[in-house]
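Trainee: The structure that follows is given in the form of structure tokens.
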Amino acid sequence: MNDFELHIAELAGQTKVQQLVYSITEAISTGKLKVGDVLPSVNQLSLESGFSRDTVFKAYNILKRRSVVESAPTKGYYVANESFKVFMLLDDFSAFKEQLYQSFRADLPEAYSVDLLFHHYNHEVFRQLVQNSLGRYSMYVIMNIDHKSVDPILEKIDTNKLLIIDMGKPDNDKMNYLTQNFYESVISCLEQSADAIKKYEELVLIYEENNTPHPSETAKAIKKFCKKNQVKYIKNAHFEISELKKGQAYFVIRDADLVKIIKECRNRNLVLGKDVGVLSYNDTPMKEIVGSGISVISTDFEEMGKRAAAFVKNKLRTEIVLPTYVKLRDSL
Numbered sequence: 001m002n003d004f005e006l007h008i009a010e011l012a013g014q015t016k017v018q019q020l021v022y023s024i025t026e027a028i029s030t031g032k033l034k035v036g037d038v039l040p041s042v043n044q045l046s047l048e049s050g051f052s053r054d055t056v057f058k059a060y061n062i063l064k065r066r067s068v069v070e071s072a073p074t075k076g077y078y079v080a081n082e083s084f085k086v087f088m089l090l091d092d093f094s095a096f097k098e099q100l101y102q103s104f105r106a107d108l109p110e111a112y113s114v115d116l117l118f119h120h121y122n123h124e125v126f127r128q129l130v131q132n133s134l135g136r137y138s139m140y141v142i143m144n145i146d147h148k149s150v151d152p153i154l155e156k157i158d159t160n161k162l163l164i165i166d167m168g169k170p171d172n173d174k175m176n177y178l179t180q181n182f183y184e185s186v187i188s189c190l191e192q193s194a195d196a197i198k199k200y201e202e203l204v205l206i207y208e209e210n211n212t213p214h215p216s217e218t219a220k221a222i223k224k225f226c227k228k229n230q231v232k233y234i235k236n237a238h239f240e241i242s243e244l245k246k247g248q249a250y251f252v253i254r255d256a257d258l259v260k261i262i263k264e265c266r267n268r269n270l271v272l273g274k275d276v277g278v279l280s281y282n283d284t285p286m287k288e289i290v291g292s293g294i295s296v297i298s299t300d301f302e303e304m305g306k307r308a309a310a311f312v313k314n315k316l317r318t319e320i321v322l323p324t325y326v327k328l329r330d331s332l
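Here the sequence shown is numbered in the UniProt record's numbering, starting from 1 and rising by one per residue.
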């Protein structure tokens, strides 16, 4: 097996089989083992690791099922393919998260396998999923659960293998991040949209701070913009569709609220972009065509996916805040 020495990381929550599988795949992903390299026999690895023959045999079978390891009568066990397992943890499933994932997956080699999971902003689920993943993956791409800080559980992951995406402010200056700006960039986008917004009597932000994961910085940005530009501003935490009024522009965070507004406008023959204005957060392909186009403030989630894939492939230091843009369509 060349001069390779097996180093087994004893991580909490891992069985001996999992430890062995991880140790071998980690050696392959870091280049210590290469395609074609011969692995120790079951007896030899059992002796070197102190694990039972049955444990070694089960580990090899798992690697064979993944097409990472093969065996031949004259050669024994050997490395057949590069092994690269990626742990991707997102907050929830939505149209723009699908854009992110598809872009990420498309930019990775076929040999890379990606396990995609969701934490749904549940702290207990988040920590349990991360804990269970420790030591089982080559790289980690994680959508943080909070914008103000990074959960301490993430400190258990090697910073060279971890990328924080979308939101979060790493306390550890060694952490890699690929995030968006929810304050200054939003103000800039609103300034670019000022003429369109000022067509309406007031700007209504539909935002329930205590019941949404969206960072409160966005609400502060809107308030600051309105004060500077003398735009009447209302923050509505419990918006009822019966409150929709002609002459108002609505800044919508949740797509569910966007759908309600569009449906109500149709029911009351109100024209989007004339009678009622709508500005939505996060762009999707559907927003390009719904109601002749929904105006959006958004980051580029396809670009986020591509840059996350580049981090996984190249393992380069990443400290990026992606730009946020505004696209004015007919709804405003």
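Ideal Cβ placement from N, Cα and C applies to all residues, glycine included.
Rank Leu33, Gln128, Thr25 by C-alpha distance to the C-alpha of alanine 59 and give the top, closest one.
Mentor: Selected option, being the one with the closest Cα: Thr25.
Trainee: Quick check: what's the CA-CA separation for aspartate 151 versus asparagine 144?
Mentor: Whole-angstrom Cα-Cα distance: 8 Å.
Trainee: Name the DSSP beta bridge partners of valine 321, please?
Mentor: Per DSSP, Thr179.
Trainee: Along the alpha helix (DSSP H) that carries alanine 27, what are the first and last residues, could you check?
Mentor: 16-29 is the extent of the alpha helix (DSSP H) around alanine 27.
Trainee: Indicate the three-state DSSP secondary structure (helix, strand or coil) for serine 185 in the structure shown.
Mentor: It is helical.
Trainee: If you draw a straight line from the alpha carbon of valine 125 to that of proline 170, how long is it in whole angstroms?
Mentor: In a straight line, the C-alpha of valine 125 is about 20 Å away from that of proline 170.
Trainee: Hey, would you say leucine 190 sits closer than 9 Å to tyrosine 177, going by beta carbons?
Mentor: No, these two residues do not count as a Cβ contact at 9 Å.
Trainee: Among Tyr183, Glu319, Leu116, Leu117, which residue has its Cα nearest to the Cα of histidine 214?
Mentor: The option with the nearest alpha carbon to histidine 214 is Tyr183.
Trainee: For leucine 100, is the classification buried or exposed, using 16 other Cβ atoms within 10 angstroms of its Cβ as the cut-off for buried?
Mentor: Buried: at least 16 other Cβ atoms inside 10 Å.
Trainee: Give a yes or no on contact between the stretch 68-85 and the stretch 36-45, applying the rule of three or more CB pairs nearer than 8 Å.
Mentor: Output reads yes: the stretch 36-45 touches the stretch 68-85.
Trainee: Using 8 Å as the cut-off, can you tell me whether the stretch 255-275 makes contact with the stretch 223-233, which would need three or more C-beta pairs spanning the two stretches below that distance?
Mentor: No: the two stretches stay apart, fewer than three of their Cβ pairs being nearer than 8 Å.
Trainee: Here's the rule I'm using: 16 or more other beta-carbon atoms within 10 Å means buried, otherwise exposed. How should leucine 47 be labelled?
Mentor: Looking at its Cβ environment, which holds fewer than 16 other Cβ atoms inside 10 Å, leucine 47 is exposed.
Trainee: Residue range of the beta strand (DSSP E) that alanine 219 falls in?
Mentor: Here alanine 219 belongs to no beta strand (DSSP E); instead the alpha helix (DSSP H) covers 217-229.
Trainee: Could you give the residue range of the beta strand (DSSP E) that holds methionine 143?
Mentor: Per DSSP, methionine 143 belongs to the beta strand (DSSP E) from 139-143.
Trainee: CB-CB under 6 Å to alanine 194, same chain, minus the five flanking residues each way: which ones, in chain order?
Mentor: Counting only Cβ-Cβ distances below 6 Å, and skipping sequence neighbours, we find Asn229.
Trainee: Please name the residue in Leu63, Glu209, Glu303 whose C-alpha comes closest to that of threonine 237.
Mentor: The amino acid occupying residue 237 in the given sequence is alanine; threonine does not appear at that position. Nearest C-alpha to alanine 237: Glu209.
Trainee: Using CA coordinates, which residue listed in Tyr200, Glu217, Ile153, Arg66 is at the minimum distance from tyrosine 207?
Mentor: Measuring from the Cα of tyrosine 207, the nearest candidate turns out to be Glu217.
Trainee: Which same chain residues end up closer than 6 Å to lysine 263 when comparing Cβ atoms and leaving out the 5 residues on each side of it in sequence?
Mentor: So the list is empty, once near-sequence residues are dropped.
Trainee: Helix, strand or coil for residue 336 per DSSP?
Mentor: With the chain running from 1 to 332 in the structure shown, residue 336 is simply not present.
Trainee: From what residue to what residue does the beta strand (DSSP E) around leucine 163 run?
Mentor: Segment 162-166, the beta strand (DSSP E) holding leucine 163.
Trainee: Where do the N-terminal and C-terminal ends of the alpha helix (DSSP H) with threonine 55 fall, by residue?
Mentor: First-last of the alpha helix (DSSP H) with threonine 55: 53-65.
Trainee: Could you give the C-beta distance for residue 334 and asparagine 81, rounded to a whole number, given that I count them as a contact under 8 Å?
Mentor: The requested residue 334 does not occur in the structure, where the chain is confined to residues 1 to 332.
Trainee: What residue from Asp91, Asn269, Thr15, Ser295 has the CA that sits closest to threonine 212's CA?
Mentor: With distances taken between Cα atoms, threonine 212 lies closest to Asp91.
Trainee: With a Cβ-Cβ cutoff of 9 Å, do lysine 315 and asparagine 160 count as a contact?
Mentor: The answer is yes: Cβ separation under 9 Å.
Trainee: Buried or exposed, going by whether 16 or more other CB atoms sit within 10 Å of the CB of threonine 179?
Mentor: Classification for threonine 179: buried.
Trainee: So, at 6 Å on beta carbons, what are the nonlocal neighbours of lysine 306 in its own chain, with the 5 sequence-adjacent residues on each side left out?
Mentor: Around lysine 306: Ser103, Asp107.
Trainee: Report yes if the CB atom of valine 56 is closer than 9 Å to the CB atom of serine 49, and no otherwise.
Mentor: The answer is yes: Cβ separation under 9 Å.
Trainee: Does the beta carbon of lysine 227 come closer than 9 Å to any beta carbon on chain D?
Mentor: No chain D is present in this structure, which holds just one protein chain.
Trainee: When you compare only the Cα positions, how much space is there between lysine 313 and methionine 139?
Mentor: Rounded to whole angstroms, lysine 313 to methionine 139 spans 9 Å at the Cα level.
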